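**Student:** Residue numbers (the working numbering): 16 to 329. For every residue, glycine included, the Cβ atom is placed at its ideal position computed from N, Cα and C. On a predicted model such as this, the values are computed, not experimentally measured, just so you know.
#1: By Cβ distance below 7 Å, which residues in the same chain neighbour residue 205 in space, the five residues on each side in sequence not counted?
#2: According to DSSP, which residues form a beta bridge with residue 111?
#3: By how many angstroms is the C-alpha of residue 68 removed from the C-alpha of residue 33?
#4: I'd like to know if the stretch 130-148 and the stretch 92-106 are in contact, where contact means that at least 3 CB-CB pairs between them fall below 8 Å.
#5: Around the C-beta of residue 214, are 16 or more other C-beta atoms found within 10 angstroms, so that it is buried, or is it exposed?
#6: What's the call for residue 113, buried or exposed, on a 16-neighbour Cβ count within 10 Å?
#7: Going by DSSP in three states, residue 221 sits in which element: helix, strand or coil?
#8: Pull up the distance between the alpha-carbon of residue 96 and that of residue 75, whole angstroms please.
#9: Report yes if the CB atom of residue 139 is closer than 8 Å to the CB atom of residue 254, and no otherwise.
#10: Quick one: grab the DSSP three-state call for residue 348.
#11: Can you give the Cα-Cα distance for residue 287 and residue 262, rounded to whole angstroms?
#12: Where does residue 172 land, buried or exposed, given buried means 16+ other C-beta within 10 angstroms?
#13: In whole angstroms, give me the CA-to-CA distance for residue 227 and residue 271.
#14: Residue 28 by DSSP, collapsed to three states: which one?
#15: Taking all protein chains shown into account, decide if residue 98 is buried (16 or more other Cβ within 10 angstroms of its Cβ) or exposed.
#16: Quick check on residue 137: buried or exposed, where buried means 16 or more other Cβ atoms within 10 Å of its Cβ?
#17: In this structure, how does DSSP classify residue 133 when only helix, strand and coil are distinguished?
#18: For residue 208, is the classification buried or exposed, using 16 other Cβ atoms within 10 angstroms of its Cβ as the cut-off for buried?
#19: Tell me the residue span of the alpha helix (DSSP H) that contains residue 63.
#20: Could you give the DSSP three-state label for residue 142: helix, strand or coil?
#21: Report all residues from its chain with a CB closer than 7 Å to the CB of residue 285; omit the five preceding and five following residues, and keep chain order.
#22: Assuming residue 303 and residue 222 make a contact with CB atoms under 8 Å, what is their CB distance in whole Å?
#23: Mapping DSSP to helix, strand and coil, what is residue 176?
#24: For residue 251, does the three-state DSSP call read helix, strand or coil?
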């Protein structure tokens, strides 16, 4: 649920029981209690700072409660009193504070149900965590703790995903994938240290101008990927987000940087990259063939036209 402010559109009038509860508070605490109650009712947590409560909404709420609105938007409530008021609000809606055990359970839940769908992004993970807390009637911990839980879940998901893919590949296939980070066999004999590009760079390159040579180059890339002999069902249960994240990693890092990563991560990234690259290469080949055939046809037409013109001139 996205953040919402204390305006009339976001919050309907206090229910009779809520209004009575608010009006039973002392005048100096009534506004803070009402604002916290309304925010908690909507978000399942308390505002973490004043910026989450629009200052323009507070005067309207203050008028309804017949109390003065703070000029700076801050509530002058003693810490001990604030703790008691928040505890009362939690109890009213059947919530409790999160525990260490809750944090561990939330991490596992996020790993299994949110991480595969969020493309490694922190913000949607935090949103899913807070939504899960509302479902369980748990007040989320602090913002910093929530983000740590989300990051831990992302790491746990990635580690499990990498281990799963790595474990399904034979040592031979792993070696073939790692070989993509080095020079081609045909180039190594004449290699000057640092002068021969890695095979991976050729796989990452875009197709050349439409021609038979370009078609042959793309076919060679596709054949290279097929010779890796990845299991056909290797990524049947992988999310598109996980695959794309792996592809991006291989696309943006230099081969020597990729070599520095742990084996399970490195091999999984490379496997996902070539899996997706095979698809784009097929599309590139179709486009190249169409363009090449079109160019050959156009050249043939021009040749015939020239021959006809020469015949006419004779």
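**Tutor:** In terms of the structure at hand:
#1: The count along the chain shown starts at 1 and reaches residue 205 at position 190. Below a pLDDT of 50, predicted positions are generally treated as unreliable, and residue 205, at 45, falls in that range; the measurement from the model is reported next regardless. Counting only Cβ-Cβ distances below 7 Å, and skipping sequence neighbours, we find nothing.
#2: Within the chain shown, numbered from 1, the residue matching residue 111 stands at position 96. Answer by DSSP bridge pairing, in chain order: 153.
#3: Along the chain shown, read from residue 1 onward, the residue named residue 33 stands at position 18. Along the chain shown, read from residue 1 onward, the residue named residue 68 stands at position 53. So the two alpha carbons sit approximately 19 Å from each other.
#4: no
#5: As a working mapping, residue 214 is identified with position 199 in the chain shown. By the 10 Å Cβ count, residue 214 comes out buried.
#6: The residue you call residue 113 lines up with position 98 of the chain shown. So residue 113 counts as buried.
#7: As a working note, residue 221 is residue 206 in the chain shown. DSSP places residue 221 in coil when its eight states are reduced to three.
#8: Numbered from its first residue, the chain shown carries residue 96 at position 81. Numbered from its first residue, the chain shown carries residue 75 at position 60. Answer to the nearest angstrom: the Cα atoms are 24 Å apart.
#9: Numbered from its first residue, the chain shown carries residue 139 at position 124. Numbered from its first residue, the chain shown carries residue 254 at position 239. No, the pair does not count as a contact, with Cβ atoms beyond the cut-off.
#10: Outside the modelled stretch of the chain, which goes from 16 to 329, sits residue 348, for which no answer is possible.
#11: Working through the chain shown from its first residue, we reach residue 287 at position 272. Working through the chain shown from its first residue, we reach residue 262 at position 247. Their Cα atoms are separated by approximately 6 Å.
#12: As a first step, residue 172 must be located in the chain shown, where it is residue number 157. The residue is buried, with at least 16 neighbouring Cβ atoms inside 10 Å.
#13: The residue given as residue 227 occupies position 212 in the chain shown. The residue given as residue 271 occupies position 256 in the chain shown. Roughly 32 Å separates the two Cα atoms.
#14: On the chain shown, residue 28 is found 13 positions in, with the first residue counted as 1. Three-state result, residue 28: coil.
#15: The sequence position of residue 98 within the chain shown is 83, counting from 1. So residue 98 counts as exposed.
#16: Along the chain shown, one-based indexing puts residue 137 at 122. By the neighbour-count rule (16 or more Cβ atoms within 10 Å), residue 137 is not buried but exposed.
#17: As a first step, residue 133 must be located in the chain shown, where it is residue number 118. Correct three-state label for residue 133: coil.
#18: One-based indexing of the chain shown puts residue 208 at position 193. Residue placement at residue 208 is flagged as unreliable, the pLDDT there being 48, under the threshold of 50; a coordinate-derived value is accordingly withheld.
#19: Working through the chain shown from its first residue, we reach residue 63 at position 48. Residue 63 -> no alpha helix (DSSP H), and no H or E assigned at all.
#20: Counting from 1 along the chain shown, the entry for residue 142 is found at position 127. In this structure, residue 142 counts as helix in the three-state DSSP scheme.
#21: Taking the first residue of the chain shown as 1, we reach residue 285 at position 270. The residues are 192, 195 and 265.
#22: Here residue 303 corresponds to residue number 288 of the chain shown, with the count starting at 1. Here residue 222 corresponds to residue number 207 of the chain shown, with the count starting at 1. 6 Å between Cβ atoms; contact.
#23: The residue given as residue 176 occupies position 161 in the chain shown. The answer is helix: DSSP assigns residue 176 an H, G or I state.
#24: One-based indexing of the chain shown puts residue 251 at position 236. Coil.
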